[in-house]
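To start, the structure itself, in structure tokens.
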Amino acid sequence: MSRLKRSNVIFSWLSVLVFASASAPVTAQEWPTKPLKIIVPFSAGGSLDGTTRLVAQRLSERLQQQVLVENVTGAGGSIGFQRAIQSAPDGYTFFMAGDSPLNPNAPPSGPYYTFDVLKDLQPVVLVNTAPMVLVTNPSMPVKNLSELVALAKRNPGKFSYASSGIGTLPHLGTEMIKQAAGFHMVHIPYRGGGQIANDVAGKQVDLGMLIAASATPFIQAKTLKPLAVTGSKRLALLPDVPTVAETPGMENFSVVSWAGLYAPAKTSAATIKRLNHEVDEILKSEAVRETLARAGALPGGGPPAAFSSFIEQDRIKMGKILQVTPLRD
């Protein structure tokens, strides 16, 4: 073979190898090769946004790639959700969302009614859980949930509770307590939870269920009285406040808000596995755990299958209360 022909053959083989390398899918070890983006369906400054930025900062350090947070707001979060499910499953766009908007039992007018997170997205990892706090005004003549139940039973229909809207976690969680304890209380749905703490403190409404981070400043100022937290364990933020489960007859009660990370459907299994591992390690960090604790939240973690199972169990729990609490617009 002449030197020229030999050179042409070598060049041809090199061309094939280069083309094959360029067109081959990126492996889990090589990923990521460019910045990532996490879509948040609500505005900057909220609790979900803060959690996302906490994870994004540390994820960027671990992956040695920039991780951007994009707030895609509007229509109660549905615009962000739509953006996420329409994103390419290339391993560079992800979605952080909480519990209530992903509830398939939400009323038909709700923003997420046409979406199913387990079909339209792939769960990656449960990021955190956040128990709620049941609060009342300081002049209410009760010291704990048991006394509230007894008072409400003696005065059926006299007292009221506020929620951040029909079908939200505070609505369904309070209804679960009512059903378990067997008392009646009037539901007053608000358009969002921002005003509830002030109205409970001001006695416009008797009871409210708030996230711990929102309730704690009012509790510390003694303008709200905490009766119970809704998780299975007491909160480090409010160590003296008992759980609902410590109330006789409610031993298995647990209702928590939560947030999780998702990928577009058909994202590669290798990418899902790698991202799950990285976030799981982040959630084991003492600094991250302390930051979450100060916000009244607990770290999540675990494999994608565990997160999917968590979502399913949460749906079953909420579905049961909806059987006796029909949602109305």
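Mind the numbering: the sequence shown is residues 4 to 332 in the working numbering, read in order.
C-beta: ideal position from N, C-alpha, C; glycine also.
Nothing here was measured: the structure is a model prediction, and the numbers come from that model.
query                                                                                                                                              : result
Less than 8 Å separating the beta-carbons of Ile199 and Gly185?                                                                                    : no
Considering only DSSP beta bridges, list what Thr333 is partnered with.                                                                            : The question about residue 333 has no answer here: the residues shown for the chain are numbered 4 through 332.
To which residues does DSSP link Phe98 through a beta bridge?                                                                                      : Ile42, Tyr265
At a Cβ threshold of 8 Å, is Val128 touching chain C?                                                                                              : Going by chain labels, chain C is absent from the structure shown, which holds only one protein chain.
Please return the same chain residues whose Cβ sits closer than 8 Å to the Cβ of Ser245, not counting the five positions on each side in sequence. : For clarity, residue 245 is Pro in the given sequence; the question names Ser instead. Closer than 8 Å at Cβ, skipping near neighbours: Asn147, Leu148, Ala231, Val232, Arg237.
I'd like to know whether the C-beta atoms of Ile275 and Pro307 end up nearer to each other than 8 Å.                                               : yes
Residues in its own chain within less than 6 Å of Thr222 by CB, not counting five upstream and five downstream?                                    : According to the sequence shown, residue 222 is Ile rather than Thr. Around Ile222: Pro229.
Curious, which full-length beta strand (DSSP E) runs of at least 3 residues does the region 147-216 contain?                                       : 163-166, 189-192, 210-214
Note down the Cα distance separating Lys122 from Glu150, rounded to an integer number of angstroms.                                                : 44 Å
Locate the alpha helix (DSSP H) running through Val58, then write down its first and last residues.                                                : 50-66
State buried or exposed for Gly77, treating a residue as buried only when at least 16 other CB atoms are found within 10 Å of its CB.              : exposed
From which residue to which residue does the alpha helix (DSSP H) around Asn74 run?                                                                : Unbroken run through Asn74 is the beta strand (DSSP E), 70-74; no alpha helix (DSSP H).
Once DSSP output is grouped into helix, strand and coil, what is the label at Val145?                                                              : coil
Taking only the alpha-carbon atoms, compute the straight-line gap between Gly83 and Val189 and give it to the nearest angstrom.                    : 34 Å
Would Pro173 and Val259 be called neighbours here (beta carbons separated by less than 8 Å)?                                                       : no
Please report the distance separating the alpha-carbon of Ala91 from that of Phe310.                                                               : 22 Å
Ordered along the chain, which non-local residues of its own chain (more than five positions away) have a Cβ less than 6 Å from that of Phe165?    : Strictly speaking, residue 165 in this sequence is Ala, with Phe absent from that position. Here the set comprises Ile191, Tyr193, Ile199, Val208, Gly211.
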